[in-house]
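Enquirer: Residue numbers (the working numbering), protein chains in the order written: chain D, 1 to 418; chain A, 1001 to 1418.
Each residue gets a CB set at the ideal place from its N, CA and C atoms; glycine is no exception.
(1) Going by beta carbon distance, what residues of the same chain come within less than 8 Å of residue 330 of chain D, once the five residues before and after it are set aside?
(2) Using a Cβ cut-off of 9 Å, pull out every chain A residue sitting near residue 307 of chain D, in sequence order please.
(3) Tell me which residue opens and which closes the beta strand (DSSP E) that residue 42 of chain D is part of.
(4) Between which two residues does the beta strand (DSSP E) carrying residue 1122 of chain A extend?
(5) Hey, could you find the ends of the alpha helix (DSSP H) residue 27 of chain D is sitting in?
(6) Can you have a look at residue 154 of chain D and say buried or exposed, based on whether 16 or more other CB atoms are within 10 angstroms of its CB?
(7) Are the Cβ atoms of residue 242 of chain D and residue 348 of chain D separated by less than 7 Å?
(8) Give, in chain order, every residue of the region 36-51 of chain D whose Cβ lies closer than 9 Å to some Cβ of chain A.
(9) Evaluate contact between the region 389-405 of chain D and the region 1017-1029 of chain A, counting only Cβ atoms and requiring at least three cross-stretch pairs below 8 Å.
(10) Does any residue of chain A have a CB that is nearer than 7 Å to the CB of residue 151 of chain D?
(11) Quick one: which chain D residues come within Cβ less than 7 Å of residue 1199 of chain A?
(12) Below 9 Å between beta carbons is the criterion; list the residues of the region 1345-1358 of chain A that meet it against any residue of chain D, in chain order.
(13) Quick one: which chain D residues come within Cβ less than 8 Å of residue 1021 of chain A?
(14) Considering only DSSP beta bridges, list what residue 1181 of chain A is partnered with.
(15) Of all the CB atoms in chain D, is at least one closer than 7 Å to the CB of residue 1158 of chain A?
(16) If you measure beta-carbon to beta-carbon, which residues of the region 1168-1186 of chain A are closer than 9 Å to chain D?
(17) For the pair the region 1173-1193 of chain A and the region 1239-1259 of chain A, tell me if three or more CB-CB distances fall below 8 Å.
(18) Need the endpoints of the alpha helix (DSSP H) that residue 1070 of chain A sits in, please.
(19) Kindly say whether residue 1270 of chain A, judged by its beta-carbon, lies nearer than 7 Å to any beta-carbon of chain D.
(20) Taking Cβ-Cβ distances shorter than 9 Å, what residues in chain A pair up with residue 401 of chain D?
(21) Would you check if the region 1077-1096 of chain A and the region 1164-1183 of chain A touch, i.e. whether three or more CB-CB distances between them fall below 8 Å?
(22) Where does the unbroken beta strand (DSSP E) through residue 1384 of chain A begin, and where does it stop?
(23) So is residue 1230 of chain A buried or exposed if we call it buried at 16+ other beta carbons inside 10 Å?
(24) Taking Cβ to Cβ, would you say residue 1333 of chain A is nearer than 7 Å to residue 1289 of chain A?
(25) Do you know whose CA, among A:1101, A:1071, A:1240 and A:1040, lies nearest residue 1117 of chain A's CA?
(26) Near residue 1316 of chain A, which residues of its chain fall below 6 Å by C-beta distance, leaving aside the five closest residues on each side in sequence?
(27) Are at least three pairs of beta-carbons, each pair with one atom in the region 282-297 of chain D and one in the region 1344-1360 of chain A, less than 8 Å apart?
(28) Residue 1139 of chain A bridges to which residues according to DSSP?
(29) At a Cβ threshold of 7 Å, is residue 277 of chain D touching chain A?
(30) Identify whether residue 1374 of chain A lies in helix, strand or coil by the three-state DSSP scheme.
(31) So who's on the other strand from residue 390 of chain D, going by DSSP bridges?
(32) Select from D:206, D:198, D:215 and D:262 the residue whose C-alpha is nearest the C-alpha of residue 236 of chain D.
(33) Determine the closest residue to residue 84 of chain D out of D:121, D:408, D:387 and D:23, with distance taken between C-alpha atoms.
(34) The region 232-261 of chain D: which residues have C-beta closer than 7 Å to a C-beta of chain A, in chain order?
(35) Does the distance from the CB of residue 1045 of chain A to the CB of residue 1011 of chain A come in under 7 Å?
(36) Could you pull the DSSP bridge partners for residue 1211 of chain A from this structure?
Next up, the structure:
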């Protein structure tokens, strides 16, 4: 693969007041297009440090992408430092200034004198027009090498990268790209997946396989390293199918698939309405569902029954059941799911009751114990989980478990006839 | 300030499959202790690149902290690369191996032969015991300079940094530290805060002031640059008080303060129980509250009334009111808050109804329109908001607005006598 270096500029980054998310995004975007980042450097808002880092990067790699330090304030020194290195004087560009004034005018504002420096361009540089902000990108090519300068504001960087930089880099990109895809699973530990996939590495080679466990399950990432784009995509597709076949039921989706969106799709397909009854998750499950635009077509609502009295009064759970089995029990989970369908007049519902911790656990019912139930078609299904991790972890896993359970249930249902 | 360089190792970082959050945390931790990061470099899992980057960092700064590449697999080459640079052979340490075996045994596992390399230590290096994982940290001092190696797993890195590295660095730290504190505000745009704070820079100098707008309001960060620790803390405290006085009501807290926790504290102080009634936030508000451990002492539960029928049936909102004013209206918001207190028998409640988008907006009631109401002591309070941003933004801001409103209301209430 062709390679490039990345330099991010900002004292705030070194001090850790800002987390550098741009670098990862640039790395992924470039790799998918066939250009790898060979090295990443961060320096402060200091002209000498920037000059030194750009110079070293060009000596190693011939081309460097610099982000940050293009704003209008005194600590924005990237352009000046690079211009010095190229011995290219800064020249005022009327067209850049006009675009900047027009942008301010549209927002009902007037540029300050400090903004004028944003219209200065090192002699010989190509201006990469920034329709998303005030500082244009710059492409400077000379005897030291190629320097591409982009603003550090994430959405400006992202747009300039895809609209202005990538098309210009394509000619230098090698035929090989790095692309990756994922299969998403729920409910099976990493070690069990590894057993199911024993020996698969040989079948998917030259793709690599990585296990990425998280709150929402274990993702399995396949990566094609330095293959022609068409071959990479084809091998990844074959690999994804192979993983799906080998793993089976725990697979719920691919890449960016979200269980809440998948569940809403199934409900829509079947013409069903949904409701929720939550205890320890306290609304997180409803929050996951309503995060999806258009969920109001399907989701009627939910009860957060945090106290036992609320479970009885709002979800029609019998007080006797709570006394007999405790609020965290299979019986109460089933009754909550059933209650949620009745209360909202919904076709299907999910419920969660558990002990998120850190307090409240006992020897018999420890922190992490969660019952997840679904009600649909007059029947209830319940699963008992022991989740590891913090309060946030337990709650997040419980919400995902509920979405998975009902999604799997509905996914096997045929749509009503005619 | 004394300074150090930081080198993070990982091909996954360069490709952007992993976001480097360690670097920011290390930057903050070191700066607060009087050691600044002069430069940050990331290279792939490549011995030559690591050796080259360590060597260059030592030439510039004399000391470098390296994270990552200490695991048991073939692509973990950091230790080998640094050992070569120092011409220090790797030696097997029985005590490191014994600790590793003991750790595996506690977890009911057996180390694999691959783990043996994790017990190899460059001759002359100090082992920094890792009680949180398998790879120990290493401190290597020699003619090239000082290299500190830490594992890249965040919680292992964090613990080794604070328990093993910081105490050793203190002797080299200068008297100056970089520390920062924040005042958190809600409900006022950045520009209005800037007007209220006009000229404050002179009063707080040499502290700097930054405006950090986000979903949960605007934070104002004060930073002390390179001051003696005691002076930095004193100036920051004075500065925080000055900002509080100048801004007044919109201030809800400092530093890591969270409105849900503050609201629960107020409710606990007054002996009040809480409930929620949510429409467009779909459970997020309940989620914010129940994120706080111990919330069950105060929070009884909530209704997610996403459909109009649920607002009527579950929150006792009159159907007539919805027909007359629409579900997104001040009248319905007030009725939802009142209904939530009644339904749960709670002393106080919050409600939210609005249009989160992207669909559902009209000229009269556009996307972003949200009514937030509180009910307490027989009365209701309601605020109308027009929130900018995406669906997630609108929902997040609405939850924060509700927490702020009821917190402010309760905060002014005297506790019941005797």
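Expert: Quick look at the numbers:
(1) As a first step, residue 330 of chain D must be located in the first chain, where it is residue number 330. Non-local beta-carbon contacts of residue 330 of chain D in its own chain, meaning distances under 8 Å to residues more than five positions away in sequence, involve 371, 373, 382 and 384 in chain order.
(2) Counting from 1 along the first chain, the entry for residue 307 of chain D is found at position 307. Simply 1273, 1296, 1299, 1300, 1301 and 1344.
(3) Your numbering for residue 42 of chain D matches position 42 in the first chain. Here the beta strand (DSSP E) through residue 42 of chain D covers 35-43.
(4) The count along the second chain starts at 1 and reaches residue 1122 of chain A at position 122. Counting along the chain, residue 1122 of chain A sits inside the beta strand (DSSP E) bounded by residues 1120-1122.
(5) Indexing the first chain from 1 puts residue 27 of chain D at position 27. DSSP places residue 27 of chain D inside the alpha helix (DSSP H), whose first and last residues are 22-32.
(6) Here the question's residue 154 of chain D lines up with position 154 in the first chain. Exposure of residue 154 of chain D is indicated by the presence of fewer than 16 other C-beta atoms within 10 angstroms of its C-beta.
(7) Counting from 1 along the first chain, the entry for residue 242 of chain D is found at position 242. Counting from 1 along the first chain, the entry for residue 348 of chain D is found at position 348. For the 7 Å CB-CB criterion, residue 242 of chain D and residue 348 of chain D do not form a contact.
(8) Cβ contacts with chain A come from 36, 37, 38, 39, 40, 41, 42, 43, 44 and 49.
(9) Between the region 389-405 of chain D and the region 1017-1029 of chain A, the count of Cβ pairs shorter than 8 Å is below three; the stretches do not touch.
(10) Counted from its first residue, the first chain places residue 151 of chain D at position 151. Closer than 7 Å: no.
(11) Position 199 of the second chain holds residue 1199 of chain A. The CB of residue 1199 of chain A never comes closer than 7 Å to any CB in chain D; the least such distance is about 18 Å.
(12) Within the region 1345-1358 of chain A, the qualifying residues are 1345, 1356, 1357 and 1358.
(13) The sequence position of residue 1021 of chain A within the second chain is 21, counting from 1. Within chain D, the C-beta atoms nearer than 8 Å to that of residue 1021 of chain A come from 19, in chain order.
(14) Residue numbering aside, residue 1181 of chain A sits at position 181 when the second chain is read from its first letter. Under DSSP, the beta-bridge partners assigned to residue 1181 of chain A are A:1222.
(15) Indexing the second chain from 1 puts residue 1158 of chain A at position 158. By this cut-off, residue 1158 of chain A is not an interface position.
(16) Cβ contacts with chain D: 1178 and 1180.
(17) With a cut-off of 8 Å, the region 1239-1259 of chain A and the region 1173-1193 of chain A count as touching, because enough Cβ pairs lie within range.
(18) Position 70 of the second chain, counting from 1, holds the residue named residue 1070 of chain A. Membership of residue 1070 of chain A in any alpha helix (DSSP H) is not indicated, and neither H nor E is assigned to it by DSSP.
(19) If you number the second chain from 1, residue 1270 of chain A lands on position 270. No, no contact with chain D.
(20) Residue mapping note: residue 401 of chain D aligns to position 401 of the first chain, counting from 1. Against chain A, a Cβ distance below 9 Å from residue 401 of chain D picks out nothing, because the smallest value is about 16 Å.
(21) Under the three-pair Cβ rule at 8 Å, the region 1164-1183 of chain A does not count as touching the region 1077-1096 of chain A.
(22) In the second chain, the residue the question calls residue 1384 of chain A occupies position 384. Unbroken beta strand (DSSP E) run through residue 1384 of chain A: 1379-1386.
(23) Within the second chain, the letter at position 230 stands for residue 1230 of chain A. Counting C-beta atoms within 10 angstroms of its own C-beta, residue 1230 of chain A has fewer than 16 neighbours from the protein chains shown and is therefore classed as exposed.
(24) For the purposes of this step, residue 1333 of chain A is taken as the residue at position 333 of the second chain. For the purposes of this step, residue 1289 of chain A is taken as the residue at position 289 of the second chain. In this structure, residue 1289 of chain A does not lie closer than 7 Å to residue 1333 of chain A by Cβ.
(25) What you label residue 1117 of chain A is simply residue 117 of the second chain in a count that begins at 1. Shortest Cα-Cα distance from residue 1117 of chain A to any of A:1101, A:1071, A:1240 and A:1040 involves A:1071.
(26) For the purposes of this step, residue 1316 of chain A is taken as residue 316 along the second chain, with counting starting at 1. Excluding positions up to five away in sequence, the list reads 1339.
(27) Contact check between the region 282-297 of chain D and the region 1344-1360 of chain A: three or more CB pairs, one atom from each, fall below 8 Å, which counts as touching.
(28) For the purposes of this step, residue 1139 of chain A is taken as residue 139 along the second chain, with counting starting at 1. According to DSSP, which records beta bridges pairwise, residue 1139 of chain A is partnered with A:1126 and A:1148.
(29) For the purposes of this step, residue 277 of chain D is taken as the residue at position 277 of the first chain. Look at residue 277 of chain D: its C-beta is not under 7 Å from any C-beta on chain A.
(30) Working through the second chain from its first residue, we reach residue 1374 of chain A at position 374. Here residue 1374 of chain A sits in strand by DSSP.
(31) Locating residue 390 of chain D in the first chain gives position 390, counting from the first residue. Bridge partners of residue 390 of chain D: none, in fact.
(32) Against the first chain, residue 236 of chain D aligns to sequence position 236. Nearest C-alpha to residue 236 of chain D among D:206, D:198, D:215 and D:262: D:206.
(33) Counting from 1 along the first chain, the entry for residue 84 of chain D is found at position 84. Closest option to residue 84 of chain D, Cα to Cα, is D:121.
(34) Near chain A, meaning a CB-to-CB distance below 7 Å, no residue of the region 232-261 of chain D qualifies.
(35) Taking the first residue of the second chain as 1, we reach residue 1045 of chain A at position 45. Taking the first residue of the second chain as 1, we reach residue 1011 of chain A at position 11. Yes, these two residues count as a Cβ contact at 7 Å.
(36) To locate residue 1211 of chain A, count along the second chain from 1; it is residue 211. Residue pairing by DSSP places residue 1211 of chain A opposite A:1220 in a beta bridge.
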